[in-house]
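The block underneath contains the structure these notes are about, expressed in structure tokens.
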Amino acid sequence: MSEPTHVHGSYGHDKKKLLDRLGRIEGQIKGISRMIDEEKYCVDVLTQISAVRAALDKVALVVLEDHVQGCVKDGLSSGDGQAKIDELLEVVERFVALRR
Numbered sequence: 002m003s004e005p006t007h008v009h010g011s012y013g014h015d016k017k018k019l020l021d022r023l024g025r026i027e028g029q030i031k032g033i034s035r036m037i038d039e040e041k042y043c044v045d046v047l048t049q050i051s052a053v054r055a056a057l058d059k060v061a062l063v064v065l066e067d068h069v070q071g072c073v074k075d076g077l078s079s080g081d082g083q084a085k086i087d088e089l090l091e092v093v094e095r096f097v098a099l100r101r
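So for the sequence shown, our numbering puts the first residue at 2; every next one is plus one.
Written out as structure tokens, the structure reads:
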């Protein structure tokens, strides 16, 4: 992967929402740990794992949208557009590959 030229996020108005969602996900993961410790039914554990994955996907999409609206848009207007497009395609490819 190429070296990023813009190494920090600009989450804008989404930062608090993202942190709140991540806090809920953290609670869900602790709940899954408890379920395993208490030897709960496997299907119930898998259902909770699926819910966490879906929640993380939503967080990822918000971060991706912020990246496109911020970093990629800025790169296009500053002449660094192709590098930002290449970086974006690599990230999307990696994200999609994880879901297969």
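Glycine is no exception: its CB is placed at the ideal position from the N, C-alpha and C atoms. In this text, all values refer to a predicted model and were calculated from it rather than measured experimentally.
{"Asked": "Element boundaries [alpha helix (DSSP H), containing GLU39]", "Found": "First-last for GLU39: undefined, no H or E at that position."}
{"Asked": "contact_flag[the stretch 47-66, the stretch 27-36] where n(CB pairs < 8 Å) is 3 or more", "Found": "yes"}
{"Asked": "Selection from LEU62, VAL44, LYS41 that minimises the alpha carbon distance to VAL97", "Found": "LEU62"}
{"Asked": "Distance CB(ARG22)-CB(ALA56) smaller than 8 Å", "Found": "yes"}
{"Asked": "Pairwise C-alpha distance: ILE33 and VAL93", "Found": "28 Å"}
{"Asked": "Between the CA atoms of VAL69 and LEU89 - distance to the nearest angstrom", "Found": "8 Å"}
{"Asked": "Same chain, Cβ closer than 6 Å to GLY82, five either side skipped, listed in chain order", "Found": "GLY76"}
{"Asked": "Sequence-distant residues of its chain with Cβ nearer than 8 Å to LYS59 (five each side left out)", "Found": "ARG22"}
{"Asked": "Contacts around PRO5, its chain only, beta-carbon distance under 6 Å, and the 5 residues preceding and following it disregarded", "Found": "The pLDDT assigned to PRO5 is 47, lower than 50, so where the model puts this residue is not dependable, and the model offers no usable value."}
{"Asked": "Burial state of ASP67 (16 or more Cβ within 10 Å)", "Found": "buried"}
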